[in-house]
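Residue numbers (the numbering used here): 112 to 545.
This is the structure in structure tokens:
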């Protein structure tokens, strides 16, 4: 029986998605996020829960359009400070044997040669447990921080086509079997098996021999979160797994249909493996779970919710009428996120205020509030009705929200035959395709 696949979303900051969780008395991430032992504990828990892997979401710069919004972001610890998740993977991999690690790296600011080198180094060190979440950076502040001009939405993806072509050529040019390590004849590398990349594209160039060989899984897995028409076409062409943000099960089902169509248009034989974000809020009773949910929502400051949501959709919301419909807002940033948020409340378009506050708690994904049994049933319903491949789970208060899921929900799903009870392979690719 096919089972549901799970990744855990994390951010290398005081919070992951829900604003102000660091202020909860039971939270440890806000105080301990620079402590390797904290992240190693999460890795052990997730491997015990037989997750495919961890998915480190990331953006580069502080998303703020004014000094006041920057100050709010800092004051409320809204993904600030935000450290480089590449540095966490060796620590977490050292205490696990199977758990995969997906890491975000933008096509903006990092040449593809360096991306292949960084990712390939980690993929070899972890025994083939690395995935790359390819992003084109939709947040304008990222480009300003890098001294670059932000291209328009479709041009970012056009540039990324050149980027991926260079990466493929570098991966293909250095297969693992080029390492012969022949002590008797004094030959370490067979140079006949290593090719040189000579590429001149419309946007990017590369003329070099690759310096990192393939890992045990070949190349790193590719994750992508394109949701607009152009973005989904890019994802269906390049990604091993597609991450979608959709607010309701009906919208999820439509997205899976669109992904299937994009995959067929790209000439793919297999259906795209679509993952959707979910945020479980678990209690021993339904009343306890609802109380947790209320406490999380009441803690979110409107200012920081507006700042973060505005940055994600590429719109300055500080001086807007917050009660006007979100449909009046346009964007050159993440068109997919804006479209998804327009559908967050069934039957009506939310106001800017409602959308921002919802984003501040759930990051636009459905919240599953209830007992472990109820949450497990909701997950099964979302999976069956959407026909998706799996879910990226967003935490709230950490590490307890992850522990609640692993110790409460996972055993129920395993008992129902909906989740693996043990790993069948060693690499991230093994887990995803099992």
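A virtual CB, placed ideally from N, CA and C, is assigned to each residue, including glycine.
Here the region 404-415 makes contact with the region 128-144; the two share three or more CB pairs at distances below 8 Å.
Taking a cut-off of 8 Å on C-beta distances, the region 168-182 does not touch the region 132-152, as fewer than three cross pairs fall below it.
Residue 484 and residue 514 have their alpha carbons spaced roughly 15 Å apart. Segment contact: the region 499-509 against the region 116-128, three or more CB-CB distances shorter than 8 Å; contact assigned.
Cβ neighbours of residue 191 within its own chain (closer than 8 Å, five residues either side excluded): 124, 125, 173, 184, 185.
In the three-state reduction of the DSSP assignment, residue 283 falls in the helix class. Separation of residue 404 and residue 336 (C-alpha to C-alpha, rounded to the nearest whole angstrom) is 27 Å. Annotation: residue 506 to residue 473 spans about 9 Å, alpha carbon to alpha carbon. For residue 202, no beta strand (DSSP E) encloses it; the enclosing alpha helix (DSSP H) starts and ends at 199-204. Only residues of its own chain outside the window of five on either side were considered, and among them 172, 174 have a CB closer than 6 Å to the CB of residue 252, listed in chain order. Secondary structure note for residue 316: its beta strand (DSSP E) is the uninterrupted segment 316-319.
Its chain contains no residue whose beta carbon lies nearer than 6 Å to that of residue 297 once the 5 sequence neighbours on both sides are disregarded. If only complete runs of 4 or more residues are kept, the region 360-410 shows the alpha helix (DSSP H) at 360-376, 397-410, in order along the chain.
Three or more Cβ pairs drawn from the region 277-292 and the region 310-323 lie within less than 8 Å of each other, which places the two stretches in contact. Residue nearest to residue 522 within the set 383, 157, 480, 470 is 157 (criterion: CA-CA distance).
Checking the DSSP bridge columns, you'll see residue 133 has no partner listed. A residue is called buried once 16 or more other Cβ atoms fall within 10 Å of its Cβ, and residue 314, having fewer, is exposed. By the Cβ criterion, the region 347-359 is not in contact with the region 252-269, since fewer than three pairs of Cβ atoms, one from each stretch, lie closer than 8 Å. C-alpha of residue 475 to C-alpha of residue 408: approximately 13 Å in a straight line. DSSP places residue 463 in no beta strand (DSSP E) but in the uninterrupted alpha helix (DSSP H) bounded by 463-473.
DSSP places residue 515 in the uninterrupted alpha helix (DSSP H) bounded by 511-515.
Residue environment for residue 375: exposed (fewer than 16 other C-beta atoms within 10 angstroms of its C-beta).
Residue 243 is not a Cβ neighbour of residue 353, given a cutoff of 7 Å. For residue 490, the enclosing alpha helix (DSSP H) covers residues 483-497. For residue 237, there is no enclosing alpha helix (DSSP H), as DSSP marks it with neither H nor E.
In the three-state reduction of the DSSP assignment, residue 143 falls in the helix class, which pools H, G and I.
Contact between the region 193-213 and the region 270-278 is absent: fewer than 3 CB-CB pairs across the two stretches fall below 8 Å. For the 7 Å CB-CB criterion, residue 385 and residue 369 do not form a contact. Residue 218 counts as buried, since no fewer than 16 other beta carbons sit within 10 angstroms of its beta carbon. Here residue 305 is not near residue 280, since their CB atoms are 7 Å or more apart.
Annotated as proximal: residue 400 and residue 481, with beta-carbon spacing under 7 Å. Contact between residue 214 and residue 167 is confirmed by a C-beta separation of about 5 Å, below the 8 Å threshold. The Cβ atoms of residue 330 and residue 539 lie no closer than 7 Å to each other. Beta bridge pairing from DSSP links residue 413 with no other residue. In the displayed model, residue 244 falls within a strand according to three-state DSSP.
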